[in-house]
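Count along the sequence shown from 1, add 92, and you get the number used in the working numbering.
The C-beta atom is built at its ideal place from N, Cα and C for all residues, glycine as well.
As structure tokens, the structure follows; a few thoughts come after it.
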Amino acid sequence: MKHLSMIGAILGLLVSCVTWTVNSPDKVTFPEANQKKSILHYSLVSTNALAPVHEKLKNGFAKGIEDSKLFESAVLHESFERYYQIEKGTADIFLEVRQVERQVGGFAGGSMITNAFFSGITLFIIPLYVQSKFDYEFTIFFFNAKTKGYDKVSTKTYSLSGHTIMGWLTLPFIWINLLLKGPEDISEAMMDDFLYQHFPQKK
């Protein structure tokens, strides 16, 4: 009975979390007095041709921003370049999220597929492999009033895969989470993590 409880606790933990590997984030301090009064302007650039997947990513990121309660509101734009160069936007903060397809091959690609067999989810190899081949790059820009342009101040990349020995050790958990969580859940969790890392005043 004790063992069953332990197994149940582990499964519950896997269901409730999303696993990824990330690079070390740059530390950025935002003016606390302006946070809750600010409107977050952001964009999502996706290379995923599947419209439903792109829509779920948008919904997840929007929910992550709303749940953070850091901003008065948020406005989604087509792209950072269009906002700045064509729309002539001058918002204090702009967050750009890019879904970048990663070229996975050789040992890294083989380890992902092999890991799928050992994880006992062989039937889900194709959809999970497709979903796990994307990286998500979050970049924050601050508007520079002196230069009338934007300065890139922080970048963080989320990868739904592993590139190091420690990363490969987490692959079973990553694959299980990809099976249990959809694009909307994962994008919401990434946004929540990013805002938590970059906004130390987040409650």
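Item                                                                                                                 : Value
Short Cβ contact (9 Å threshold) for residue 153 with residue 242                                                    : no
Per DSSP, cross-strand counterpart(s) of residue 191                                                                 : 138, 228
Span of the alpha helix (DSSP H) around residue 285                                                                  : 275-290
Other residues of its chain near residue 123: CB distance less than 6 Å, five sequence neighbours each side excluded : Only weak support exists for where residue 123 lies, its pLDDT of 47 falling under 50; the value from the coordinates is given anyway. Same-chain partners within the cutoff: there are none.
Reference residue 175, options 284, 233, 130, closest by Cα                                                          : 233
Endpoints, the beta strand (DSSP E) within which residue 168 is located                                              : 165-169
Endpoints, the beta strand (DSSP E) within which residue 244 is located                                              : 241-251
Residue from 130, 275, 226, 188 with nearest C-alpha to residue 161                                                  : 130
Closest by C-alpha distance to residue 169, when choosing among 147, 136, 192, 183                                   : 136
Reduced DSSP category for residue 162 - H, G, I as helix; E, B as strand; rest coil                                  : coil
Nearest-angstrom beta carbon gap, residue 146 and residue 167 [assumed within contact, 8 Å]                          : No, residue 167 and residue 146 are not in contact; Cβ-Cβ is about 18 Å, not under 8 Å.
Candidates 229, 236, 239, 182, of which the one nearest residue 247 by Cα                                            : 229
Cα-Cα separation, residue 277 to residue 177                                                                         : 32 Å
Beta-carbon proximity check, residue 231 vs residue 240, cutoff 9 Å                                                  : no
Per DSSP, the bridge partner or partners of residue 236                                                              : 241
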